[in-house]
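> Numbering (my numbering), first residue to last: 267 to 927. Using N, Cα and C, we set each Cβ at its ideal position, and we do this for glycine too. Since the model is a prediction, treat every value here as computed from it, not as a measurement.
1. Look at the alpha carbon of residue 535 and the alpha carbon of residue 558, and state the distance between them as a whole number of angstroms.
2. Can you list the alpha helix (DSSP H) stretches of 4 or more residues lying completely in the stretch 576 to 650, in chain order?
3. Quick one: give me the first and last residue of the alpha helix (DSSP H) that residue 547 is part of.
4. Would you say the beta carbon of residue 759 is closer than 7 Å to some non-hydrogen atom of the ligand GDP?
5. On a Cα-Cα basis, can you pick out the residue from 682, 390 and 720 that is closest to residue 704?
6. Okay, do the stretch 740 to 751 and the stretch 773 to 787 touch, 3+ Cβ pairs below 8 Å being the bar?
7. Straight-line CA distance for residue 659 to residue 441?
8. Hey, could you find the ends of the alpha helix (DSSP H) residue 337 is sitting in?
9. Could you give the C-beta distance for residue 444 and residue 599, rounded to a whole number, given that I count them as a contact under 8 Å?
10. Spatial neighbours of residue 914 within its chain, please: C-beta separation below 6 Å, excluding the five flanking residues on both sides.
11. Could you pull the start and end residues of the beta strand (DSSP E) that residue 734 belongs to?
12. Just to confirm the assignment, what range does the beta strand (DSSP E) spanning residue 907 have?
13. If you reduce the DSSP assignment to three classes, tell me which class residue 767 lands in.
14. For residue 805, which of helix, strand or coil comes out of DSSP?
15. Counting pairs of Cβ atoms below 8 Å between the stretch 835 to 851 and the stretch 616 to 635, do you hit three or more?
16. If you scan the stretch 787 to 839 from start to end, which runs of the alpha helix (DSSP H) of 4 or more residues do you find wholly inside it?
17. How many angstroms separate the CA atom of residue 388 from the CA atom of residue 420?
18. Give the C-beta separation of residue 680 and residue 718 to the nearest angstrom, bearing in mind that I take them to be a contact with Cβ-Cβ under 8 Å.
19. How many whole angstroms separate the CB atoms of residue 714 and residue 702, which I take to be in contact at a CB cut-off of 8 Å?
20. Over the uninterrupted beta strand (DSSP E) stretch that includes residue 776, give me the two end residues.
21. Comparing alpha-carbon positions, which option in 755, 481 and 710 lies nearest residue 644?
22. Could you check where the beta strand (DSSP E) with residue 422 kicks off and where it finishes?
23. Please report the Cβ distance between residue 521 and residue 609, rounded to the nearest whole angstrom; I am assuming they are in contact, meaning their Cβ atoms lie under 8 Å.
24. Please tell me whether residue 537 and residue 517 are closer than 8 Å, where the distance is taken between their beta carbons.
25. Please determine, among 790, 841, 743 and 720, the residue with the shortest C-alpha to C-alpha distance to residue 504.
26. Which whole-angstrom value describes the C-beta separation of residue 457 and residue 345, a residue pair presumed to lie in contact below a C-beta threshold of 8 Å?
27. Exposed or buried, which one is residue 926 when buried takes at least 16 other CB atoms within 10 Å?
28. Could you tell me whether the stretch 826 to 835 touches the stretch 758 to 774, where touching means 3 or more Cβ pairs closer than 8 Å?
29. What do you reckon, are the CB atoms on residue 380 and residue 390 nearer than 8 Å?
30. Which same chain residues, not among the five before or five after residue 739, have their C-beta less than 7 Å away from its C-beta?
31. When you compare the CB positions of residue 470 and residue 454, do they come within less than 8 Å of one another, or not?
32. Using only CA atoms, which one of 531, 591, 654 and 595 lies nearest to residue 565?
33. Measuring alpha carbon to alpha carbon, tell me which residue in 574, 577, 555 and 433 is nearest residue 587.
34. What does a CB cutoff of less than 6 Å around residue 484 pick up in its chain, not counting 5 residues either side in sequence?
35. Let me know if residue 822 comes out buried or exposed under the rule of 16 or more other beta-carbons within 10 Å of its beta-carbon.
36. According to DSSP, residue 484 sits in a beta bridge with which residue or residues?
Spelled out as structure tokens, the structure:
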């Protein structure tokens, strides 16, 4: 029987010798000044008299009980939580009739709302009468008949706009934001905005060091025929890698996958059978026992793997749960008892250049450590750098649009970074952003090179990107032309709404730097964003694309020190790779390119791995071999794994991936 690993959902954070600055309210307009209570005392009573329940009406939420815990610096702000597919899947087509929110202290104003998307207008909102805001507790509003909300498969957001009372910073009783601390999901269950909902910060795991995975105190009443006592669901199962490069030396490929097992009923679950099947493998069934049982509206992460023949074009791994509680539990909603994991194999991709975005400011005393780490990353780790001057105050190089990226990718301090805007999950990081502050730059460079290596494997480059620029010194007009080619089938699977993004950066800017000097040199500074903060949509001519941008350079900018950074992202909000970077390129404003283009994929060089060594055939001058951490290795007795071979020719440097068995 194949071993099935069941891991209860627990998060932890390891700091080690990493250093980072948290936001400072004196300088930054991002979420700051958050204060929390040392204890959580559960709210027990609704403030408003509960309306009579309709037939088949039941409250559904990840938050069964809430306690006063947080307060924010602004007088007016928004809080929200996401009712995702795992919670409402069986209610698609049913109606939301009431909303409850928990308030931990009296407030001056409260508007409760429901949105399908956070950046859209509410489909329902209601201001709560002031007389109902004079004490803490649960507040309930009923949606009018013409505003009753029909649930879709994408779920919905519930939240409120709050106007706090004035309080003394030493007040240990005023915590108007009530939460549950035993959340299941890693994201989107405690969201905050201080600018009217334009930008949101996710604080689901902000208090993880206090043992809290936060869920906003909010519930929705749903009228449905699908309320059941017994329902165990398989939800959000996916492979760790959706694309796996085929290795002709291996007959089988291991596919790791994980997802949630969720108890959507009221009766506890102690065990179930899991059946795993796929074309080319033997179907296997294993018993899974849940120590302590799985209570109502709680879940666990299930991790397992299968080995699939490597000669397939793709693999569909089917999962099914049955025999719940050894047959004593008859599932009353079986539509969510099955799951599917899709994996695609590929032979050819383009060499990928990653986008490393750094968050740093002149007021951040630890940021010089981050700068040293960034510069210590080997060139063999194909990447381009951009520095956003936000995260710890604002300085003379701050671009306000950078806050959009800071909020979107959960950057909570400086020096921080993101690699291809991809979610990183390891012992130290469970977020798209990570600290770049290490006392030892080489150690930090190893870690971040590993993150970049992971992102290059997680989303291969199924499209090339080439950036060219033309600069007119007379009128300072810059024309940028971005072009490329896609591997059609795989690209279309990975990206549904591709966009090209263009940044202008400048090196050699002299300014103050806390922790260094008043004449510190700042590089890779973001100066401008062309085509909007989320880029321009790609339109195809067959498998090719070309997009042009024009702008006038500011008189204060030195064109000779400037670069154009271009990169491909997906703007499909339902995509696994939403806003992740598939490929990037850089060129000087004067046209000096440092991009890895399609021409680097030349067939003039043959690179092979034989008996633990790399063999190169062709006209070249020198070569270096790097592992996926970015460390140079000797070409002798190489361990099995993926390597990058940097080959210097008379005309260019070619970088190729190779698998050593």
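Checking against the coordinates, here is how it stands:
1. Within the chain shown, the letter at position 269 stands for residue 535. Within the chain shown, the letter at position 292 stands for residue 558. For the pair residue 535 and residue 558, the Cα-to-Cα distance works out to about 9 Å.
2. Every alpha helix (DSSP H) of 4 residues or more that sits fully in the stretch 576 to 650 is shown, in chain order, as 633 to 642.
3. As a working mapping, residue 547 is identified with position 281 in the chain shown. Careful: residue 547 lies outside any alpha helix (DSSP H) and carries neither H nor E.
4. Although the ligand GDP was asked about, the structure shown includes no ligands whatsoever.
5. Position 438 of the chain shown, counted from the first residue, corresponds to residue 704. Considering only alpha carbons, the answer is 682.
6. Here the stretch 740 to 751 does not lie against the stretch 773 to 787, with fewer than 3 beta-carbon pairs under 8 Å apart.
7. Walking along the chain shown from the start, residue 659 turns up at place 393. Walking along the chain shown from the start, residue 441 turns up at place 175. Taking C-alpha positions only, residue 659 is separated from residue 441 by approximately 26 Å.
8. Here the question's residue 337 lines up with position 71 in the chain shown. Note, residue 337: premise wrong, no alpha helix (DSSP H); beta strand (DSSP E) at 333 to 337.
9. As a first step, residue 444 must be located in the chain shown, where it is residue number 178. As a first step, residue 599 must be located in the chain shown, where it is residue number 333. Not confirmed; about 31 Å, so no contact.
10. Taking the chain shown and counting its residues from 1, the one referred to as residue 914 is at position 648. Same-chain partners within the cutoff: 887 and 888.
11. Mapped onto the chain shown, residue 734 falls at position 468. Looking at the DSSP string, the run of the beta strand (DSSP E) that includes residue 734 is 732 to 738.
12. Residue numbering aside, residue 907 sits at position 641 when the chain shown is read from its first letter. Note, residue 907: beta strand (DSSP E), 907 to 914.
13. Residue numbering aside, residue 767 sits at position 501 when the chain shown is read from its first letter. Note: residue 767 maps to strand in three-state DSSP.
14. Translated into positions along the chain shown, residue 805 becomes position 539. Reduced to three states, the DSSP call for residue 805 is coil.
15. Segments in contact, yes.
16. Fully contained in the stretch 787 to 839 is no alpha helix (DSSP H) run of length 4 or more.
17. By 1-based counting over the chain shown, the position of residue 388 is 122. By 1-based counting over the chain shown, the position of residue 420 is 154. The alpha-carbon separation between residue 388 and residue 420 amounts to approximately 15 Å.
18. On the chain shown, residue 680 is found 414 positions in, with the first residue counted as 1. On the chain shown, residue 718 is found 452 positions in, with the first residue counted as 1. In this structure residue 680 is not in contact with residue 718, their Cβ atoms being roughly 19 Å apart against a cut-off of 8 Å.
19. Here residue 714 refers to the residue found at position 448 when the chain shown is read from its first residue. Here residue 702 refers to the residue found at position 436 when the chain shown is read from its first residue. Yes, they are in contact, since the Cβ atoms of residue 714 and residue 702 sit about 7 Å apart, within 8 Å.
20. In the chain shown, residue 776 corresponds to position 510, counting from 1. Start and end: 775 to 777.
21. Start at 1 with the first residue of the chain shown, and residue 644 comes out as number 378. Ranked by Cα distance from residue 644, the first of 755, 481 and 710 is 710.
22. Indexing the chain shown from 1 puts residue 422 at position 156. For residue 422, the enclosing beta strand (DSSP E) starts and ends at 422 to 429.
23. Within the chain shown, residue 521 is the residue found at index 255, counting from 1. Within the chain shown, residue 609 is the residue found at index 343, counting from 1. Under the criterion of beta carbons closer than 8 Å, residue 521 and residue 609 qualify as touching, at roughly 5 Å.
24. Locating residue 537 in the chain shown gives position 271, where the first residue counts as 1. Locating residue 517 in the chain shown gives position 251, where the first residue counts as 1. Taking 8 Å as the Cβ cut-off, residue 537 and residue 517 do not qualify as a contacting pair.
25. Your numbering for residue 504 matches position 238 in the chain shown. Nearest C-alpha to residue 504: 841.
26. The sequence position of residue 457 within the chain shown is 191, counting from 1. The sequence position of residue 345 within the chain shown is 79, counting from 1. Contact holds; Cβ gap of about 7 Å.
27. As a working mapping, residue 926 is identified with position 660 in the chain shown. Residue 926 is classed as buried because its beta carbon has at least 16 other beta carbons within 10 Å across all chains shown.
28. Yes: at least three Cβ pairs fall under 8 Å.
29. Mapped onto the chain shown, residue 380 falls at position 114. Mapped onto the chain shown, residue 390 falls at position 124. Taking 8 Å as the Cβ cut-off, residue 380 and residue 390 qualify as a contacting pair.
30. As a first step, residue 739 must be located in the chain shown, where it is residue number 473. Taking C-beta separations shorter than 7 Å and ignoring five residues to either side along the sequence, residue 739 has no partners in its chain.
31. Here residue 470 refers to the residue found at position 204 of the chain shown. Here residue 454 refers to the residue found at position 188 of the chain shown. Taking 8 Å as the Cβ cut-off, residue 470 and residue 454 qualify as a contacting pair.
32. On the chain shown, residue 565 is found 299 positions in, with the first residue counted as 1. Minimum Cα distance to residue 565 is reached at 531.
33. On the chain shown, residue 587 is found 321 positions in, with the first residue counted as 1. With distances taken between Cα atoms, residue 587 lies closest to 555.
34. Start at 1 with the first residue of the chain shown, and residue 484 comes out as number 218. These residues qualify, in order along the chain: 347, 367 and 424.
35. The residue you call residue 822 lines up with position 556 of the chain shown. Per the 10 Å Cβ criterion, exposed.
36. Walking along the chain shown from the start, residue 484 turns up at place 218. Partner(s): 367.
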